[in-house]
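To start, the structure itself, in structure tokens.
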Amino acid sequence: MDIQNLVAQAQQMQQRAQQLEAALLKVTVTGSAGGGMVTVEADGKGNVKKIRIDPAAVNPSDIEMLEDLITVAAVDAQKKAAETAQREMRTLLGGINLPFPLPF
């Protein structure tokens, strides 16, 4: 593989990565906890956009449980976002012949 070809592939990969970054911001993933009593929406990069709480999940004498449900739902949404990003990155890099293996 010559250096010019490698540079061209690197530039192509950089352009695709920028497109992927923009696309991930438009993706919505949803995490949930407590059987859907708490849901968290995030973009494909894991940035939390919205939290929904079923009124039945609100017990003033057990705020700690509600906090735990919110945390679990947020982690679930971020996990789904990471999985989506990884899947899209594999797709992005699938057509590029690199002289070394990818770590994923």
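Taking the working numbering, I'd label the letters of the sequence shown as residues 251 to 354.
Every residue, glycine too, gets a C-beta built ideally from N, C-alpha and C.
Minimum C-alpha distance to residue i - residue among the options
i, options, result
"Gly356", "Lys276, Val322, Ala323 and Asn255", "Residue coverage of the chain in this structure runs from 251 to 354, which leaves residue 356 outside it and unanswerable."
"Ala307", "Met315, Lys300 and Lys329", "Met315"
"Met339", "Gln268, Gln254 and Asp252", "Gln268"
Residue i burial status per 10 Å Cβ neighbour count (16 or more: buried)
i, result
"Ile320", "buried"
"Gly281", "buried"
"Asp326", "buried"
"Phe354", "Residue confidence is low: Phe354 scores 45 on pLDDT, short of 50, so the model does not pin down where it sits. No coordinate-derived value is stated."
"Gly285", "exposed"
Simplified DSSP assignment, three categories, for residue i
i, result
"Val277", "coil"
"Val308", "coil"
Endpoints, alpha helix (DSSP H) assigned at residue i
i, result
"Lys329", "Ile313 to Leu343"
Short CB-CB distance (under 9 Å) between residue i and chain D
i, result
"Ala273", "You won't find chain D in this structure, because it holds only one protein chain."
Cross-strand partners of residue i (DSSP beta bridge)
i, result
"Val288", "Ala283 and Ile303"
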